[in-house]
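Quick note on numbering that gives the first Met the number 0: the sequence shown kicks off at 0 and runs consecutively.
We put the CB at the ideal spot given by N, CA and C, even for glycine.
Since we're looking at a predicted model, the values are computed, not measured.
Worksheet for the structure shown next.
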Amino acid sequence: MYKLIILPSAARYLKKIKEKTLKAKFQEAIDKILKDPYMGEPKSGDLSGVFCYDIYYNKTNYELAYTIVEEGDSTVVVILAGTRENFYDELKRYM
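Structure follows, in structure tokens:
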């Protein structure tokens with residue numbers, strides 16, 4: 000199983016979530032990613048090397064962006080989490 004690192008930007012967003020069911024959906028997604036990190040959608044262009052996983056909840060689309068480090072201990076690094084609105088612009092700024 001892969002190790003997990005959550006960067007501060009994603010941690011801040013995940014900490015702010017008040018709804019328990021949405022928080023559970025994010026936790027479930029992270030658990031799935033740790034079992035099979037290549038299940039997310041690989042991005043190309045500016046965001047090559049980044050994978051995104053979609054989470055649908057309450058008619059809203061949420062995204063989880065992460066990258067995989069295979070050197071030494073295999074690690075999944077969660078870069079950013081949030082709603083789909085302006086998500087990729089924010090991700091590009093962060094990268």
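Expected contact under 8 Å - CB spacing of residue i and residue j to nearest Å
{"i": "TYR56", "j": "ILE32", "result": "Not a contact, Cβ separation roughly 17 Å."}
{"i": "TYR65", "j": "PHE86", "result": "That pair is no contact at about 13 Å."}
{"i": "LEU90", "j": "LEU46", "result": "6 Å"}
Per-residue DSSP class, three states only, for residue i
{"i": "TYR56", "result": "strand"}
{"i": "LEU6", "result": "coil"}
{"i": "GLY81", "result": "strand"}
{"i": "ILE16", "result": "coil"}
{"i": "GLU70", "result": "coil"}
{"i": "TYR65", "result": "strand"}
Beta-carbon spacing of residue i, residue j below 8 Å
{"i": "TYR37", "j": "ALA80", "result": "no"}
{"i": "ALA28", "j": "ILE54", "result": "yes"}
Neighbourhood of residue i by C-beta distance below 6 Å, restricted to the same chain and skipping five residues each side
{"i": "ILE5", "result": "VAL77"}
{"i": "ILE16", "result": "LYS22"}
{"i": "TYR61", "result": "ILE54, THR82"}
C-beta neighbour in chain E for residue i, strict 8 Å
{"i": "PRO41", "result": "Among the chains in the structure shown there is no chain E, since it carries only a single protein chain."}
Cβ shell of residue i (< 7 Å), same chain only, five flanking positions each side left out
{"i": "THR59", "result": "THR82"}
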